[in-house]
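Residue numbering for the sequence shown follows this note's numbering, starting at 18 and increasing by one per position. Below is one structure; the comments refer to it alone.
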Amino acid sequence: MNDYHIEYSPESQLNLEKIAQYYVDVLGYEQAMNLMERIFVAIDSLSFMPMRCPKVHWHSHIHKLVVPSLPYVAYFTISQNPINRVEILQIMHGSKSDAKLIEHYQGFTAF
């Protein structure tokens, strides 16, 4: 079986902290943690067959995972050398424009 190790970039960790804090403020701690669990379950699913997620139209190495039933998208890269690895680059609200990501990752090459 070709399982992939999942790693979070510092930016994606910050994204998660901001998402969690927003929902703690709006919905309360328990509901926020339930929502965060759903995000982590979706991302953890990338450990098996991450290539099932489409590549973004603006970069040949970046894929995106739409978190089911939530308005979030995780952007990630896949590496198979020397180990099978998925790096989560960003986690954003789906309504956010790709423009900042396109600019940020211009010239980016995968591991």
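Every residue, glycine too, gets a C-beta built ideally from N, C-alpha and C. Quantities reported herein were computed from a predicted structural model and do not represent experimental measurements.
- Taking a C-beta distance under 8 Å as the contact criterion, Met109 and Val84 do not qualify as a contact pair.
- Annotated three-state conformation of Val90 is strand, per DSSP.
- Note on geometry: alpha-carbon atoms of Gln48 and Val41 lie some 8 Å from one another.
- The beta-carbon separation of Tyr25 and Ile105, rounded to 5 Å, stays under the 8 Å limit for a contact.
- Partner residues in the beta bridge of Met109, as assigned by DSSP, are Val90.
- Judged by their CB atoms, Val103 and Pro67 are nearer to each other than the 8 Å cut-off.
- Inter-residue distance for Ser86 and Glu54 is about 13 Å (C-alpha atoms, whole angstroms).
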